[in-house]
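Colleague: I have a structure here, written as structure tokens, and I will follow up with some questions on it.
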Amino acid sequence: MVNPKLPAFFYGGDYNPEQWPEEIWQEDMRLFKLANINVATVAVFSWALLEPSEGQYDFTWLDKVMDMLYENGMYACLATSTAAQPAWMSKKYPGILPVTIDGQKRDHGCRVNFCPNSFDYRRASQALVRQLALRYKDHPALVAWHVGNEYGTYCYCENCAKAFRQWLKERYGSLEELNKRWYTNFWGHTIYDWDEIVPPSHLSETFSRGYMEGTYFQGMAIDYNRFMSDSSLACYKGEYDIIKEITPDMPVTTNLMGTFKPLDYFSWAKHMDVISWDNYPSNKAVMSNIAMRHDLMRGLKAGQPFMLMEQTPSQQNWQPYNGLKRPGIMRLWSYQAVAHGADTVMFFQLRQSRGACEKYHGAVISHAGHENTRVFREVSQLGEELKKLGDKILDSRINARVAIIFDWENWWVTEYSSGPSIDLKYVPQIEKYYKAFYDMNIPVDMINEDADFSGYDVVIAPLMYMVKPGVNGRLEDFVKNGGTFVTTFFSGLVNENDLVVMGGYPGQLRQLLGIWVEETDALFPDMKNSIIINRPFGNLHGQYQCGLLCDIVHLEGAQALGAYGSDFYAGMPAITVNDFGSGKAYYVASDPEDAFVKEFVRYICDQKSIKPIMDVPANVEVTQRIKDNTVFIFILNHNEHAVMVDLGPQVQHELLSDKYLSGASVIPARGVFILES
Numbered sequence: 023m024v025n026p027k028l029p030a031f032f033y034g035g036d037y038n039p040e041q042w043p044e045e046i047w048q049e050d051m052r053l054f055k056l057a058n059i060n061v062a063t064v065a066v067f068s069w070a071l072l073e074p075s076e077g078q079y080d081f082t083w084l085d086k087v088m089d090m091l092y093e094n095g096m097y098a099c100l101a102t103s104t105a106a107q108p109a110w111m112s113k114k115y116p117g118i119l120p121v122t123i124d125g126q127k128r129d130h131g132c133r134v135n136f137c138p139n140s141f142d143y144r145r146a147s148q149a150l151v152r153q154l155a156l157r158y159k160d161h162p163a164l165v166a167w168h169v170g171n172e173y174g175t176y177c178y179c180e181n182c183a184k185a186f187r188q189w190l191k192e193r194y195g196s197l198e199e200l201n202k203r204w205y206t207n208f209w210g211h212t213i214y215d216w217d218e219i220v221p222p223s224h225l226s227e228t229f230s231r232g233y234m235e236g237t238y239f240q241g242m243a244i245d246y247n248r249f250m251s252d253s254s255l256a257c258y259k260g261e262y263d264i265i266k267e268i269t270p271d272m273p274v275t276t277n278l279m280g281t282f283k284p285l286d287y288f289s290w291a292k293h294m295d296v297i298s299w300d301n302y303p304s305n306k307a308v309m310s311n312i313a314m315r316h317d318l319m320r321g322l323k324a325g326q327p328f329m330l331m332e333q334t335p336s337q338q339n340w341q342p343y344n345g346l347k348r349p350g351i352m353r354l355w356s357y358q359a360v361a362h363g364a365d366t367v368m369f370f371q372l373r374q375s376r377g378a379c380e381k382y383h384g385a386v387i388s389h390a391g392h393e394n395t396r397v398f399r400e401v402s403q404l405g406e407e408l409k410k411l412g413d414k415i416l417d418s419r420i421n422a423r424v425a426i427i428f429d430w431e432n433w434w435v436t437e438y439s440s441g442p443s444i445d446l447k448y449v450p451q452i453e454k455y456y457k458a459f460y461d462m463n464i465p466v467d468m469i470n471e472d473a474d475f476s477g478y479d480v481v482i483a484p485l486m487y488m489v490k491p492g493v494n495g496r497l498e499d500f501v502k503n504g505g506t507f508v509t510t511f512f513s514g515l516v517n518e519n520d521l522v523v524m525g526g527y528p529g530q531l532r533q534l535l536g537i538w539v540e541e542t543d544a545l546f547p548d549m550k551n552s553i554i555i556n557r558p559f560g561n562l563h564g565q566y567q568c569g570l571l572c573d574i575v576h577l578e579g580a581q582a583l584g585a586y587g588s589d590f591y592a593g594m595p596a597i598t599v600n601d602f603g604s605g606k607a608y609y610v611a612s613d614p615e616d617a618f619v620k621e622f623v624r625y626i627c628d629q630k631s632i633k634p635i636m637d638v639p640a641n642v643e644v645t646q647r648i649k650d651n652t653v654f655i656f657i658l659n660h661n662e663h664a665v666m667v668d669l670g671p672q673v674q675h676e677l678l679s680d681k682y683l684s685g686a687s688v689i690p691a692r693g694v695f696i697l698e699s
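Under this note's numbering, the first residue of the sequence shown carries the number 23, and numbering increases by one thereafter.
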């Protein structure tokens, strides 16, 4: 993401000068320069100031801020301010306020507290955006647009009900088709008029039983998720289109939130110039899970570099336990984002708020108000390093031969399923298989079911419960042509409307996998089974624990590599492989322990000659970005102690220290190497 105005890493973050008297602004500029900050995201929540009454705009303070940034050698990522409408607007147009899933009309307050299908909200937000775009289109400080902020509100009002009916008409065309897709003959739900359709809320088709959230009609609920994701997207697109009309060459984004369930980010990515996201792991976070979310954000636009829009320089304020980032962690985790494809390093926030809920959220400038703090010194150091890197790494890409399918609609439908177990969760299964590759330092692309599989050697699809139209055929072509496909229990059962594919599980995947799943046993948390390896393959031998679900599998051309060790299905296949064309398709019929997944993934990679980027000690992460035949290898030491790494005989330029290294080299505790070769 090389920006012609600022051909360097964007380094900065959310800046809220409207919360402070103007005499502090110049001190902010002094401190920002000391911290090597070059971009400030401004006006994120400023609608009430920019439009104090309907149609009356006041940009006086924002003019000053934009001018001040540029005069001090900094740039602006200008937000549209539309994440929080003014109180006068909610009062005058109460239809803007959303209705909760429990049927309660919300009052004004909080943020993103609007109905995404409110005509008044869309009209007013787009009017403000047009004013902003026209006013600042030629401002020299402008380098990017930031639409809204962390979208994701679901609404169940009558306005949404009307819009949902129209969305369904466009999707299905007729009530006959809708009734067929929703299987409405169940429980006598046949619909004879579009106006009979109501949103699936706790007043109708969804429920909360304390131990679980659920729905009686999965097809309807999934469609409402699709509709709500599209509704929020329409709000974003309304603003995006105006900005692109007026400033066609300026990049436009909105900040996503990693594995955020309500919105289908693959759908959103088609309408974003660059992906940006907010990374807020806890101190107890598993490093592979952070890496996976970076790779997911990179995967939304087929490997295009993304923006790290927000992270805290120190601590969050909203988690149960908001520990400080220990010395070196902010730098290490910032470079982890870069190592996985980020071309920016941005913070929330630049100056710490004095009041309200974010006053104890970390900031570059703390309540102390000066530069003599540990956090400020670390931010300044990182800024100096990024400045020295210039544009050398920007726009470089990661080449992966392995892909893991992550699909929002599969996430929704899997966890809407009524049975077989409340412990069945989508994201942890993705994380489990991702971690096995991460621990081997083998790069992974995160893709969805619509992606082109042909560029990969291995495609993994844990919990591929829903198989959408055309996906099965493309997977068969992929395997026929020599690819390796791996999927797991609870896969292939339903179509895009959560209707079971008849003829036996795993439905459309049955021929590819060469198996028939007769039944699925759901184990209680204190119950376990085992997978006994029939014959050793790779490093897999002996017995491994498994649980959660156990599919009872019959072979239809596949071979059993492992069998269950106990219960009435002892001896039946627990892991299978099917030769299909020139490739292989594997099925893991239960949820195995991590040791099994680790060795299974290692075996799969060995079969395809996929090797780690580098052999390193435990808890050392290695990634690789490539640009114009130049390779940048990132080595990140997540240990609290120094480790020795073997860089090989070739001398390589380490960019952060500007040293030339080879052979055995010591990387400090929480240290980072970036090798150029």
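C-beta: ideal position from N, C-alpha, C; glycine also.
Does the distance from the C-beta atom of A185 to that of V220 stay below 8 Å?
Modeller: Not closer than 8 Å, so no.
Colleague: Measuring only the C-alpha atoms, how far is P614 from L577?
Modeller: Distance between the alpha carbons of P614 and L577 is about 20 Å.
Colleague: Keeping to the same chain, check which residues put their C-beta closer than 8 Å to that of D295; ignore five residues upstream and five downstream.
Modeller: Result list for D295: P273, V274, T275, in chain order.
Colleague: Tell me the DSSP secondary structure of A359 in three-state form.
Modeller: Helix.
Colleague: For L164 versus Y158, is the C-beta spacing smaller than 8 Å?
Modeller: Yes, these two residues count as a Cβ contact at 8 Å.
Colleague: Please state the DSSP three-state secondary structure of S13.
Modeller: Examination of residue 13 is not possible in this model, given that the chain is present from 23 through 699 alone.
Colleague: Nearest to N702 by alpha carbon, out of C179, F229, S68, D215?
Modeller: Since the first residue shown for the chain is 23 and the last is 699, residue 702 is missing from the structure and cannot be characterised.
Colleague: Pull the bridge partners of E676 from the DSSP assignment, please.
Modeller: DSSP lists K681, L697 as partners of E676.
Colleague: Below 8 Å on the Cβ atoms is my guess for L658 versus Y357; work out the distance and round it to an integer in Å.
Modeller: Correct: roughly 6 Å between the Cβ atoms.
Colleague: Who are the Cβ neighbours of V24 in its own chain at under 7 Å, not counting the five residues just before and after it?
Modeller: Closer than 7 Å at the Cβ level, and outside the excluded window around V24, lie D413, L416, D417.
Colleague: Could you spell out the range, first to last residue, of the alpha helix (DSSP H) harbouring N181?
Modeller: From DSSP, the alpha helix (DSSP H) with N181 extends over 180-194.
Colleague: Would you check whether the ligand SAM has a heavy atom nearer than 7 Å to the C-beta of F370?
Modeller: Absent from the structure shown: the ligand SAM. Ligands present: none.
Colleague: Could you give the residue range of the beta strand (DSSP E) that holds W209?
Modeller: Note, W209: premise wrong, no beta strand (DSSP E); not H, not E.
Colleague: Count the C-beta pairs between the segment 352-369 and the segment 305-324 that are closer than 8 Å, then say yes if the count reaches three, no if not.
Modeller: Because the criterion of three Cβ pairs below 8 Å is met, the segment 352-369 and the segment 305-324 touch.
Colleague: For S289, which three-state DSSP category applies?
Modeller: In the structure shown, S289 sits in a helix (DSSP, three-state: H, G or I).
Colleague: Could you tell me if H563 is buried or exposed, where buried requires 16 or more neighbouring beta carbons within 10 angstroms of its beta carbon?
Modeller: Exposed, since its Cβ has fewer than 16 Cβ neighbours within 10 Å.
Colleague: Which full runs of the alpha helix (DSSP H) of 4+ residues lie inside the segment 405-478, going along the chain?
Modeller: Taking only runs of at least 4 residues, the alpha helix (DSSP H) segments lying wholly in the segment 405-478 are 430-438, 448-461.
Colleague: Short of 8 Å in beta carbon distance, which residues of its chain neighbour P761, apart from the five on each side in sequence? Order them along the chain.
Modeller: Beyond the ends of the chain as shown, which are 23 and 699, falls residue 761; an answer cannot be given.
Colleague: On a CA-only basis, which of M636, D129, Q153 is nearest F459? Give me that one, please.
Modeller: Ranking the options by Cα distance to F459, first place goes to M636.
Colleague: Between the beta-carbon of T542 and the beta-carbon of Y487, is there less than 8 Å?
Modeller: No, the Cβ-Cβ distance between T542 and Y487 is not below 8 Å.
Colleague: Closer than 8 Å by C-beta to I264: which residues in its own chain qualify, once you throw out the five before and the five after it? Chain order, please.
Modeller: Q148, V151, R152, A155.
Colleague: Please classify F700: does DSSP put it in a helix, a strand, or coil?
Modeller: The displayed coordinates of the chain run from 23 to 699. Any statement about residue 700 would go beyond what the structure contains.
Colleague: Under 8 Å between the Cβ atoms of W204 and F239?
Modeller: Yes, they are a contact pair.
Colleague: Between which two residues does the beta strand (DSSP E) carrying N201 extend?
Modeller: From DSSP, N201 is part of no beta strand (DSSP E) but of the alpha helix (DSSP H) over 197-204.
Colleague: According to DSSP, simplified to helix, strand and coil, what is R376?
Modeller: Coil at R376, not helix or strand.
Colleague: Taking the C-alpha atoms as reference points, what is the distance between C99 and E44?
Modeller: Answer to the nearest angstrom: the Cα atoms are 20 Å apart.
Colleague: Let me check one thing: in DSSP terms, what residues is S612 bridge-paired to?
Modeller: C572, per the DSSP bridge assignment.
Colleague: Which one of K127, K27, K113 has the shortest CA to CA distance from D142?
Modeller: The option with the nearest alpha carbon to D142 is K113.
Colleague: Take E540 and list the residues in its own chain whose beta-carbon comes closer than 7 Å to its own, dropping the five residues that flank it on each side.
Modeller: If we look at E540 and ignore the five residues flanking it on each side, its Cβ neighbours are I574, H576.
Colleague: Determine the extent of the beta strand (DSSP E) in which W538 is found, giving its start and end residues.
Modeller: Note, W538: beta strand (DSSP E), 537-544.
Colleague: Tell me the DSSP secondary structure of F559 in three-state form.
Modeller: Residue state, collapsed to three classes: strand.
Colleague: On a CA-only basis, which of W538, D286, H660 is nearest N600? Give me that one, please.
Modeller: The candidate whose alpha carbon is nearest that of N600 is W538.
Colleague: Are A291 and L330 touching if we call contact CB-CB under 8 Å?
Modeller: No, the pair does not count as a contact, with Cβ atoms beyond the cut-off.
Colleague: Return the CA-CA distance between N301 and G514, expressed in angstroms with no decimal places.
Modeller: Cα-Cα distance, rounded: 32 Å.
Colleague: The alpha helix (DSSP H) with N494 in it runs from where to where?
Modeller: Looking at the DSSP string, the run of the alpha helix (DSSP H) that includes N494 is 493-502.
Colleague: Pick from W189, Y262, L521: whose alpha carbon is nearest that of K202?
Modeller: Answer by Cα proximity: L521.
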